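S.K.: Have a look at this one.
Residue numbers (this note's numbering), protein chains in the order written: chain E, 1245 to 1629; chain G, 41 to 331.
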């Protein structure tokens, strides 16, 4: 087990692709760290550099303060679980798990004990003599995790280990992996494109985009205080609604337009309206958006409100996700299942001030965070489908 | 087709013509197959039958189809007059050059598969060496071998056959290696395997079908090769094709003995091809079924 420090890491592929741009962060000893981002964000490259499969073009990586860039994966004592083709297909589960120990020259008896230990830990005793082709995807990944853990690595690298499994199994393995990591205390890094995986399993998350680090923090921090519109939209079960209100005027009330649709704005937005552009970038989680039948919206204080039509209403069991087309904007709202909305039904959309985010019109940085508790609850608690 | 509730007109008429067409096409397919097979197998069958006929029976008119007085004497005589030496020499030269092809070819194939684009210039250049007519390099080889005292030696012929088969072996192995996902290699590196164990524990077992296929092909080509053997060897090294040809040189050949040697010459190939076919089919199903 080790703490891992990356500083000033850059990775170029063939002089043309700048895959990782000046990334620095520290993973604490025993921490479960998530690298989250869409495909092409550079997260996998970072993991491969941590594992020692690739060398950074510039920058330093150190384990417990010792520089490791020039060291092989074995010297670093890292283990890795791959997304697919993780097990050697010509070996049984037992041979797969034993392989790293065999390489290290352990005796037969030692290997046997360790394999039995890790097999019972991962509950794969009954699979131990099967080959990869005789196991399901989930079983294969369990064996792959066993192979990674059997030698007690300094760092466990997980490259989308459960991404291609089916939904139920994924949910179960999420829990298993988290418990396992806690129990063993192995410093672990998981790469994923799925915010839910990152949120549910890890202690801290780094969100990446186009090779650039966007934000590092706990799931709550990133969820409640995303640094920019990208993180706000990428992070969470449902994307944050982010849309531009243009043509903002002061009189008679603070208002603007979303396409042709007039929008009433709360006063808190006022300082953030671009002096030149007279526009403002606003956002809200679906849980912070209320939808009313046209004309029924309560006329109350500080809130952003506009009218639109229902694009689609999706039943999620304990909630309904209503998508509203309002001018140029597509706004999603998480509403209680008591309301029923028909497609194309005219509705009013209200976002209360305490659920409203404001972003810089130009560089998309967050200027104002939502404050209310109402922001997130429905979204956070909704079933992951 | 007894008492259906709704027999639409179009439906009942279509299947009949379809089954008729289907049957016809099956019949035509089989006829074509039989003709093609006969074309290939009849000479072979005649060779086989000739091998068991005594000399006197060879030119009877009308010819006997099956040997009347079947004999094995052609085999023992054929072995004695040069067939045995031919088989031995062919085995030596073909097997050594095959092993050399695999040993030299595998690392090259690995580099080609992992470091170069799949259908790039290098890949094509290597394969194109195999497309050269053998008559082109043979003169160069002859002159070189005279200078280097390799004329009429096992070493010389092994070198030539390795040169001849290496491009194909490299190209074939590279194709097989390309199909092995890189994650297996990366997993092995992570597990701490040094490079030689990476090859031994992971790459060789996973490319075994490729190694076998390439090896068998190299073996067959070397076993069958005639031109190089004819030009580059003399009295000391006499491979089987050359031995067979030499029977025509001095007198009316004994066709029975020729048939016997011919049968022995192609028997290993038939066995190898049969096993290669089974192995190839298995390797395909392994590739698609398991990860």
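Even for Gly, the Cβ is constructed at its ideal location relative to N, Cα and C. Model, not experiment: these values are computed from the prediction.
DSSP has residue 1550 of chain E in a bridge; who is on the other side?
M.R.: Walking along the first chain from the start, residue 1550 of chain E turns up at place 306. Note: residue 1550 of chain E sits in a beta bridge opposite E/1507 and E/1593.
S.K.: Write down the C-beta distance between residue 1245 of chain E and residue 1398 of chain E rounded to the nearest angstrom, noting that I regard them as a contact closer than 8 Å.
M.R.: For the purposes of this step, residue 1245 of chain E is identified with residue 1 of the first chain, where counting begins at 1. For the purposes of this step, residue 1398 of chain E is identified with residue 154 of the first chain, where counting begins at 1. Indeed, because the Cβ distance is near 6 Å, the residues count as touching under 8 Å.
S.K.: Helix or strand or just coil, what does DSSP make of residue 80 of chain G?
M.R.: Your numbering for residue 80 of chain G matches position 40 in the second chain. Residue 80 of chain G: helix per DSSP, three-state reduction.
S.K.: Does DSSP put residue 1259 of chain E in a helix, a strand or coil?
M.R.: Here residue 1259 of chain E corresponds to residue number 15 of the first chain, with the count starting at 1. The answer is coil: DSSP assigns residue 1259 of chain E none of H, G, I, E or B.
S.K.: Would you report the Cα separation of residue 311 of chain G and residue 1412 of chain E, rounded to the nearest angstrom?
M.R.: The residue you call residue 311 of chain G lines up with position 271 of the second chain. The residue you call residue 1412 of chain E lines up with position 168 of the first chain. Taking the straight line joining both Cα atoms gives about 51 Å.
S.K.: Check whether the Cβ of residue 227 of chain G lies closer than 8 Å to any Cβ atom in chain B.
M.R.: Although the question refers to chain B, the structure presented lacks it and instead comprises the protein chains E and G.
S.K.: Residue 1279 of chain E lies in the beta strand (DSSP E); which residues open and close that run?
M.R.: The residue you call residue 1279 of chain E lines up with position 35 of the first chain. Taken as a continuous stretch (DSSP letters only), the beta strand (DSSP E) holding residue 1279 of chain E covers 1276 to 1280.
S.K.: Only counting the same chain, and skipping five residues up and downstream in sequence, which positions put a Cβ closer than 7 Å to that of residue 1580 of chain E?
M.R.: For the purposes of this step, residue 1580 of chain E is taken as the residue at position 336 of the first chain. Excluding residues within five positions, the ones whose Cβ falls inside 7 Å are 1563.
S.K.: Check whether the region 1434 to 1450 of chain E and the region 1256 to 1276 of chain E are in contact - that is, three or more C-beta pairs closer than 8 Å.
M.R.: Contact annotation: the region 1434 to 1450 of chain E touches the region 1256 to 1276 of chain E, with at least three C-beta pairs closer than 8 Å.
S.K.: Spell out a yes or no on whether the region 167 to 185 of chain G and the region 199 to 210 of chain G are touching, meaning 3 or more CB-CB pairs, one atom from each, closer than 8 Å.
M.R.: yes
S.K.: Under 8 Å, Cβ to Cβ, is there at least one residue of chain E near residue 87 of chain G?
M.R.: Here residue 87 of chain G corresponds to residue number 47 of the second chain, with the count starting at 1. It does not; no Cβ of chain E falls within 8 Å.
S.K.: Taking residue 1583 of chain E as part of the beta strand (DSSP E), name the residues at either end of that continuous run.
M.R.: Here residue 1583 of chain E is taken as the residue at index 339 of the first chain, counted from 1. Unbroken run through residue 1583 of chain E: none, as it is neither H nor E.
S.K.: Please give the ranges of any alpha helix (DSSP H) in the region 268 to 304 of chain G, keeping only runs that are unbroken, at least 4 residues long and fully inside the region.
M.R.: Correct list: 280 to 286.
S.K.: With a Cβ-Cβ cutoff of 8 Å, do residue 1536 of chain E and residue 1489 of chain E count as a contact?
M.R.: The residue given as residue 1536 of chain E occupies position 292 in the first chain. The residue given as residue 1489 of chain E occupies position 245 in the first chain. No.
S.K.: Please list, in chain order, all residues of the same chain as residue 1384 of chain E whose beta carbon is under 6 Å from its beta carbon, the five residues on each side excluded.
M.R.: By 1-based counting over the first chain, the position of residue 1384 of chain E is 140. Closer than 6 Å at Cβ, skipping near neighbours: 1331 and 1376.
S.K.: Report yes or no: do three or more beta-carbon pairs, one from the region 1569 to 1579 of chain E and one from the region 1524 to 1536 of chain E, lie closer than 8 Å?
M.R.: yes
S.K.: Name the residues in the region 242 to 256 of chain G whose C-beta lies less than 9 Å from a C-beta of chain E; which are they?
M.R.: 242, 245, 246 and 248
S.K.: Assuming contact is defined by CB atoms lying nearer than 8 Å, are residue 1541 of chain E and residue 1511 of chain E in contact in what I supplied?
M.R.: Against the first chain, residue 1541 of chain E aligns to sequence position 297. Against the first chain, residue 1511 of chain E aligns to sequence position 267. No, these two residues do not count as a Cβ contact at 8 Å.
S.K.: Give the residues from the region 1339 to 1372 of chain E that approach chain G closer than 7 Å (Cβ to any Cβ), ordered along the chain.
M.R.: 1343, 1344, 1347 and 1348
S.K.: Exposed or buried, which one is residue 1635 of chain E when buried takes at least 16 other CB atoms within 10 Å?
M.R.: The first residue shown for chain E is 1245 and the last is 1629, placing residue 1635 of chain E beyond what the model contains.
S.K.: At a cut-off of 7 Å, is residue 74 of chain G close to the ligand MN when judged by its beta-carbon and the heavy atoms of the ligand?
M.R.: Only the bare structure without any ligand can be found here, which leaves the ligand MN out of the picture.
S.K.: Would you grab the beta carbon distance between residue 1454 of chain E and residue 1285 of chain E for me? Rounded to a whole angstrom, and I think it's under 8 Å.
M.R.: Stepping through the first chain from its first residue, residue 1454 of chain E is reached at position 210. Stepping through the first chain from its first residue, residue 1285 of chain E is reached at position 41. About 6 Å separates the beta carbon of residue 1454 of chain E from that of residue 1285 of chain E, a gap short enough to meet the 8 Å contact definition.
S.K.: Suppose only complete runs of 4+ residues qualify. What are the alpha helix (DSSP H) ranges in the region 1322 to 1370 of chain E, listed by chain order?
M.R.: You should have 1337 to 1347 and 1352 to 1365.
S.K.: Rounded to whole angstroms, what's the CA-CA distance from residue 313 of chain G to residue 135 of chain G? Just pull it up for me.
M.R.: For the purposes of this step, residue 313 of chain G is taken as residue 273 along the second chain, with counting starting at 1. For the purposes of this step, residue 135 of chain G is taken as residue 95 along the second chain, with counting starting at 1. If I take the Cα positions, the gap works out to 16 Å.
S.K.: Name the two residues that bound the continuous alpha helix (DSSP H) containing residue 1299 of chain E.
M.R.: Against the first chain, residue 1299 of chain E aligns to sequence position 55. Here residue 1299 of chain E belongs to no alpha helix (DSSP H), and DSSP marks it neither H nor E.
S.K.: Please confirm whether residue 182 of chain G and residue 271 of chain G have their CB atoms less than 8 Å apart.
M.R.: For the purposes of this step, residue 182 of chain G is identified with residue 142 of the second chain, where counting begins at 1. For the purposes of this step, residue 271 of chain G is identified with residue 231 of the second chain, where counting begins at 1. Yes, they are a contact pair.
S.K.: Just to confirm the assignment, what range does the alpha helix (DSSP H) spanning residue 129 of chain G have?
M.R.: For the purposes of this step, residue 129 of chain G is taken as the residue at position 89 of the second chain. According to the DSSP assignment, residue 129 of chain G belongs to the alpha helix (DSSP H) that extends over 124 to 155.
S.K.: Exposed or buried, which one is residue 130 of chain G when buried takes at least 16 other CB atoms within 10 Å?
M.R.: On the second chain, residue 130 of chain G is found 90 positions in, with the first residue counted as 1. It counts as buried.
S.K.: Provide the residue span of the beta strand (DSSP E) that contains residue 1222 of chain E, from first to last.
M.R.: Residue 1222 of chain E falls outside the range modelled here, since chain E spans only 1245 to 1629, and no answer is possible.
S.K.: When the Cα atoms are used, what is the spatial distance from residue 1613 of chain E to residue 1468 of chain E?
M.R.: Counted from its first residue, the first chain places residue 1613 of chain E at position 369. Counted from its first residue, the first chain places residue 1468 of chain E at position 224. Distance between the alpha carbons of residue 1613 of chain E and residue 1468 of chain E: 8 Å.
S.K.: Can you give me the C-alpha to C-alpha distance between residue 1350 of chain E and residue 250 of chain G, rounded to a whole angstrom?
M.R.: For this step, residue 1350 of chain E is matched to residue 106 along the first chain. For this step, residue 250 of chain G is matched to residue 210 along the second chain. So the two alpha carbons sit approximately 32 Å from each other.
S.K.: Assign residue 1498 of chain E to one of three DSSP states: helix, strand, or coil.
M.R.: Numbered from its first residue, the first chain carries residue 1498 of chain E at position 254. Coil, per DSSP.
S.K.: Closer than 7 Å, Cβ to any Cβ of chain E: which residues of the region 206 to 225 of chain G, in chain order?
M.R.: 221, 223 and 224
S.K.: Which of the three DSSP states is assigned to residue 1245 of chain E in this structure?
M.R.: To locate residue 1245 of chain E, count along the first chain from 1; it is residue 1. Under the three-state reduction of DSSP, residue 1245 of chain E is assigned to coil, being neither helix nor strand.
S.K.: Answer yes if the region 1509 to 1523 of chain E comes into contact with the region 1589 to 1606 of chain E, meaning at least three C-beta pairs across the two stretches below 8 Å, and no otherwise.
M.R.: yes
S.K.: How about residue 231 of chain G: is its C-beta nearer than 8 Å to some C-beta of chain E?
M.R.: Start at 1 with the first residue of the second chain, and residue 231 of chain G comes out as number 191. At least one chain E Cβ lies under 8 Å of residue 231 of chain G.
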